[in-house]
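Residue numbers (our numbering), protein chains in the order written: chain A, 25 to 407; chain B, 8 to 357. Backbone N, C-alpha and C fix where the C-beta goes; we use that ideal spot for every residue, glycine too. As structure tokens, the structure follows; a few thoughts come after it.
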């Protein structure tokens, strides 16, 4: 397989992407545990040190990484990161998303103070804004929209890098705005609002079956909370849908680049493949694939089989042979690298048009700018 | 805290297991730690000596079907494989169930309300969608509710075609970051819905989850972030009154070098000429570059092993049983799962 050198898959040119002033938004997505947050931070830092005015929006950074970027408090405001090299004229701000706060701000920005208060105090709203599985996704996109509008008007930033929430599936954040807004717009809402409004013109037999079933499932009191909530929110429905549509359009725009992040594992790459397909179907601008945490290649081309055979020979004479241990470790490393290589090739074979870049696994976790810089360099220097 | 996890005697007098009373094993872990693999291996490990085990997934990934190389699972319990054999070679059966909230809701409605046409009307009005995606926490109640049903199912009376009863249920649960919310969401919903069937259901599920029949196991790898998250997760579970089980340390690097060899490699104290003559003796075509490369690779490994040891010490401070599973260079297939299951049995997890 290695004898014939096939032309490899296209390489993702990270620096070209970051340097292109046309790139205004980079969205990093992928399944959980693949290093999305670290990748977003590393790309943001590299862009800043190459002269861009960058803000990175993170969702749930590891504590020490957050500390080193100065964003350990969750206050929804971008703060300058210290230690960034300003020589190229760039800058880096970072913020951590507070989803409830963002939701509250949307409500406060859209409703009269009186109505906003009514909504914010509703038990159903409180539960929805802090625990709905899609709220985080929706609010991440909402915050992205806000930052982008601000960036356009006052020119604070020319690049926004977004990390996406650790969703059940990597696709959730594309669907969440649509799902929430279609709920807020949908027939069910009308149905729930109808009795509270009085006129029973909508109350056909079918509807009463539905409300009574809902009452049975949720309990009358929760149903009333929901009704109060949607009635109060009624005037905002239009704006919720509009916002969701705007965000979707923003994601489709030329200035946006999606970077799909994966680890060289079957599940993570399968999820990445789904994501790539989905982005393509939705006409979202895909920049490429980043494969994180790749095992470092072996340093010699001794094959795994030869190493194992030799280790067995040595162990036959001395069961605790150190050299046998060295050979066994080498064999293990070769096998893992081959397996990862195979997984990447399989991805490339089914997605030959997707450029990719590989970042080698670091010996320890990354929790400072130096570590982020090392990842950025490793991503940019693909051969 | 008293050592709740004193080992108990199992059916075989020479074997002790750590969780004899537990009927619901919840397996969580940070993304990328191999939590689904561990859940499957645990199900295989528990399914020995003729015992029936149900392995459930709730995240719509069809990971079980992939691991066991079967067609995607429907919302229906399916026998998927035999478990790991015991000393006498007796295995049990592993069944699998893919729980999706829509099906769970329709089943729940059919069971309690005999909703025929109304069920369809609910769907038409987006109620099913509302209840399973937007209504806070309802989705999670539906998922855990189905698991509850499988755990508490009454023993078959022996007549007719009845649902199988299980000796243990393994739940491949959402990741550590969401686990307390997922399990504890029942109390959250119970708080939101002060009366009504959802509240009753949530209370019943919560009682099982908080009982000695449940254990929440956490899967980690020996890296800083997952270990930190495991420790946070344990604290969170405890403060939510949920029973913490063991920690499964997964993907442990090969232990091909003992402690002293590792130290020698790490500190660059290995004599390269001795290695070269060993290699020659083993009929390897040796040159100096090969020796240097092997030693460099081993040093990379030693550095990582040290970091792993630091993290292992941290895991040990949690005061819960710890199980270790190796990183298998060939990846995970059915054979690998059986191998991991046997390792869990040997360590007393099952």
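Bounding residues of the alpha helix (DSSP H) (the contiguous stretch that carries residue i)
| i | result |
| --- | --- |
| residue 181(A) | Unbroken run through residue 181(A): none, as it is neither H nor E. |
| residue 188(A) | It is not in any alpha helix (DSSP H) - residue 188(A) carries neither H nor E in the DSSP assignment. |
| residue 371(A) | 346 to 374 |
| residue 393(A) | 393 to 404 |
| residue 37(B) | Looking at the DSSP string, residue 37(B) is not in any alpha helix (DSSP H), and its letter there is neither H nor E. |
| residue 8(A) | Lying before the first or after the last residue shown, residue 8(A) is absent from chain A, which here runs from 25 to 407. |
| residue 61(A) | 60 to 73 |
| residue 6(B) | Here chain B comprises residues numbered 8 to 357, so residue 6(B) is not present and cannot be evaluated. |
| residue 32(A) | Residue 32(A) -> no alpha helix (DSSP H), and no H or E assigned at all. |
| residue 148(B) | 145 to 159 |
| residue 182(B) | Unbroken run through residue 182(B): none, as it is neither H nor E. |
| residue 133(A) | 123 to 134 |
| residue 318(B) | 295 to 323 |
| residue 93(A) | 87 to 93 |
| residue 112(A) | Note, residue 112(A): premise wrong, no alpha helix (DSSP H); not H, not E. |
| residue 102(A) | It is not in any alpha helix (DSSP H) - residue 102(A) carries neither H nor E in the DSSP assignment. |
| residue 137(A) | 137 to 144 |
Range of the contiguous beta strand (DSSP E) that encloses residue i
| i | result |
| --- | --- |
| residue 333(B) | 329 to 333 |
| residue 68(B) | No beta strand (DSSP E) contains residue 68(B), which DSSP labels as neither H nor E. |
| residue 117(A) | 115 to 120 |
| residue 252(B) | 251 to 259 |
| residue 50(A) | 49 to 53 |
| residue 380(A) | 380 to 384 |
| residue 179(B) | 175 to 179 |
| residue 81(A) | 77 to 82 |
Contact belief for residue i with residue j at Cβ below 8 Å, rounded distance in angstroms
| i | j | result |
| --- | --- | --- |
| residue 168(A) | residue 271(A) | 7 Å |
| residue 408(A) | residue 71(A) | Residue 408(A) cannot be examined here, being either before or after the span of chain A that is shown, 25 to 407. |
| residue 60(B) | residue 54(B) | 4 Å |
| residue 180(B) | residue 255(B) | With 8 Å as the limit, residue 180(B) and residue 255(B) do not qualify as a contact, their Cβ atoms being about 13 Å apart. |
| residue 154(B) | residue 186(B) | Actually they do not touch by this definition, with Cβ atoms about 14 Å apart. |
| residue 225(B) | residue 183(B) | 6 Å |
| residue 100(A) | residue 125(A) | 5 Å |
| residue 111(B) | residue 149(B) | 4 Å |
| residue 74(B) | residue 344(B) | 7 Å |
| residue 361(A) | residue 322(A) | 6 Å |
| residue 387(A) | residue 258(B) | Incorrect: roughly 16 Å between the Cβ atoms, too far for contact. |
| residue 109(A) | residue 73(A) | 5 Å |
| residue 146(B) | residue 108(B) | 5 Å |
| residue 286(B) | residue 347(A) | 6 Å |
| residue 69(B) | residue 80(B) | 7 Å |
Test: residue i CB closer than 8 Å to a CB of chain E
| i | result |
| --- | --- |
| residue 63(A) | The chain inventory of the structure shown lacks chain E, comprising the protein chains A and B. |
Does the region 207 to 219 of chain B touch the region 96 to 106 of chain B, meaning 3 or more C-beta pairs lie closer than 8 Å?
no
The region 346 to 360 of chain A / the region 316 to 330 of chain B touching (three or more Cβ pairs under 8 Å):
no
Looking at C-beta atoms only, is the number of pairs between the region 180 to 189 of chain A and the region 44 to 56 of chain A that lie closer than 8 Å three or more?
yes
Under 7 Å (Cβ pairs) to chain A, residues found in the region 307 to 341 of chain B:
307, 308, 310, 311, 314, 336, 337 and 338
Identify each residue in the region 343 to 355 of chain A for which the Cβ-Cβ distance to at least one residue of chain B is less than 9 Å, and report them in chain order.
344, 345, 346, 347, 348, 349, 350, 351, 352, 353, 354 and 355
Segments assigned alpha helix (DSSP H), at least 4 residues, entirely inside the region 262 to 314 of chain A:
290 to 305
Inspect the CB distances between the region 100 to 113 of chain B and the region 81 to 89 of chain B and report whether three or more fall short of 8 Å.
yes
Does the count of Cβ pairs from the region 310 to 329 of chain A and the region 354 to 374 of chain A closer than 8 Å reach three?
yes
Could you pull out every unbroken beta strand (DSSP E) segment of at least 3 residues lying fully inside the region 68 to 122 of chain B, listed in chain order?
85 to 89 and 100 to 105
Extract the residue ranges of the alpha helix (DSSP H) inside the region 211 to 293 of chain B, only unbroken runs of 4 or more that lie entirely within it.
231 to 246, 266 to 273 and 279 to 288
The region 81 to 95 of chain A in contact with the region 113 to 126 of chain A per 3-pair CB rule at 8 Å
yes
Spell out a yes or no on whether the region 240 to 248 of chain B and the region 276 to 295 of chain B are touching, meaning 3 or more CB-CB pairs, one atom from each, closer than 8 Å.
Output reads no: the region 276 to 295 of chain B does not touch the region 240 to 248 of chain B.
Check each residue of the region 242 to 253 of chain A: if its Cβ is closer than 9 Å to any Cβ of chain B, include it; give the result in chain order.
242, 243, 244, 245, 246, 247, 249 and 250
Counting pairs of beta carbons, one from the region 386 to 404 of chain A and one from the region 329 to 344 of chain B, are three or more of them closer than 8 Å?
no
If you measure beta-carbon to beta-carbon, which residues of the region 37 to 58 of chain A are closer than 8 Å to chain B?
55, 56, 57 and 58
With a threshold of 8 Å, are at least 3 pairs of Cβ atoms found where one atom belongs to the region 283 to 300 of chain A and the other to the region 315 to 322 of chain A?
yes
Is it the case that the region 363 to 370 of chain A contacts the region 300 to 308 of chain A, given that we only count it when at least three CB pairs across the two stretches are under 8 Å?
By the criterion of at least three beta-carbon pairs nearer than 8 Å, the region 300 to 308 of chain A is not in contact with the region 363 to 370 of chain A.
At a CB distance below 7 Å, what residues from the region 376 to 402 of chain A approach chain B? Give them in sequence order.
For chain B, the residues of the region 376 to 402 of chain A that bring a beta carbon within less than 7 Å of one of its beta carbons are 387, 388 and 389, in chain order.
Could you say if the region 299 to 319 of chain B and the region 263 to 275 of chain B meet the contact criterion of at least three C-beta pairs nearer than 8 Å?
yes
Beta carbons nearer than 8 Å to chain A: which residues of the region 248 to 266 of chain B have them?
Going along the region 248 to 266 of chain B in chain order, one finds 261, 263, 264 and 265 with a Cβ nearer than 8 Å to chain A.
Examine the Cβ distances between the region 372 to 385 of chain A and the region 30 to 45 of chain A and report whether three or more of them are shorter than 8 Å.
Counting C-beta pairs closer than 8 Å gives three or more between the region 372 to 385 of chain A and the region 30 to 45 of chain A, which meets the contact rule.
Compile a chain-ordered list of the residues in the region 213 to 230 of chain B whose CB is closer than 9 Å to at least one CB of chain A.
230
Using a Cβ-Cβ cutoff of 9 Å, what residues of the region 309 to 324 of chain A are near chain B? List them in chain order.
317, 320, 322, 323 and 324
Report the residues of the region 73 to 100 of chain A with a CB closer than 9 Å to any CB of chain B, ordered along the chain.
84, 86, 87, 88 and 89
Would you list, in chain order, the members of the region 360 to 373 of chain A that have their beta-carbon closer than 7 Å to a beta-carbon of chain B?
360 and 363
What residues in the region 278 to 292 of chain A have a beta carbon less than 9 Å from any beta carbon of chain B?
287, 289, 290, 291 and 292
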